[in-house]
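Throughout the sequence shown, residue numbering follows my numbering, covering 1 to 80 in sequence. In what follows, a structure is listed as structure tokens, so that the remarks can point back to it.
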Amino acid sequence: MNVSQGGGTMSITATELKKNMGKYLLMAEKEDVYITKNGKMIAKLTSPFQNKMEIAESLFGILPKDMTLEEAERERREKI
1 MNVSQGGGTM SITATELKKN MGKYLLMAEK EDVYITKNGK MIAKLTSPFQ
51 NKMEIAESLF GILPKDMTLE EAERERREKI
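Structure below.
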């Protein structure tokens, strides 16, 4: 098995992916899984929702405490 992990990413060989597809599909829900073949990066498994979650988390706390979500949406629409 050739698996390396560091900095929130995981790198596995194509052979390892074939042997344990289900395991890595589950892992891809939480972190990117990079697939290598002959030592070269060939693909990346990633969650389609991961970027949305990262964006949402980065916006946490930006909305003023005295403003409701509806007020923020209305204000955004008025600016468009």
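From the three backbone atoms N, C-alpha and C, an ideal C-beta is built for every residue, glycine too.
Secondary structure note for methionine 21: it is in no beta strand (DSSP E), and the uninterrupted alpha helix (DSSP H) holding it is 21 to 28. Distances from the CA of alanine 28 to each of Leu17, Asn38, Lys37 were compared; the closest alpha carbon is that of Leu17. The distance from the Cβ of aspartate 32 to that of threonine 9 is about 5 angstroms, consistent with a contact at the 8 angstroms cut-off. The shortest CA-to-CA distance from lysine 30 to any of Pro64, Glu73, Phe49, Arg74 is the one to Phe49. Residue nearest to methionine 41 within the set Lys23, Ser11, Ser47 is Ser11 (criterion: CA-CA distance). Per DSSP, the continuous alpha helix (DSSP H) segment holding lysine 79 begins and ends at 69 to 79. Rounded to the nearest whole angstrom, the C-alpha separation of aspartate 66 and lysine 37 is 53 angstroms.
For isoleucine 42, the enclosing beta strand (DSSP E) has its first and last residue at 40 to 45.
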